[in-house]
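Data first, discussion second: the structure below is written as structure tokens.
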Amino acid sequence: MRRVWHVAVQLVRRLATKSPAIAEAPTACSLPASSNEQQRIPEAPGPEECCGRGCANCVWIDYADELIEVFKEGGAAKARKIIEAKVDDVNLKSYLLMELKSLK
């Protein structure tokens, strides 16, 4: 179910990027990474994709899973830094960081 939700979110994201305002939004990670890693970093979920309630199938948890896969070794630490930089809501950020600890 989680994967189906993620695929649906990706489809909505692709359709939404046809809008100039969304297409111009920065998506690159500010962490230093090899060019190969930089190309494979998935786009972060948009604010409209997360309800902020700490759902078990949160799009940010899926995003963290993808980041861990991209970075492989040390992926959880890098994912944590990216999440800290991209999530503005303090409560959501705390929840996500707690979930990341359990993914190790």
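Under the UniProt record's numbering, the residue at position 12 of the sequence shown is numbered 12, and the numbers go up by one with no gaps.
Every residue, glycine too, gets a C-beta built ideally from N, C-alpha and C.
Computed from a prediction, not measured in an experiment: that's the story for all the values here.
Taking a contact to mean a Cβ-Cβ separation below 7 Å, would you say residue i touches residue j in this structure?
i	j	result
residue 52	residue 89	yes
residue 68	residue 79	yes
residue 64	residue 100	yes
residue 45	residue 59	yes
Nearest to residue i by alpha carbon, out of the options?
i	options	result
residue 42	102, 82, 91 and 93	82
residue 102	57, 76 and 40	76
residue 92	73, 40 and 54	54
3 or more residues per run - each beta strand (DSSP E) lying fully within the UniProt domain "Oxidoreductase-like" (42-68): none
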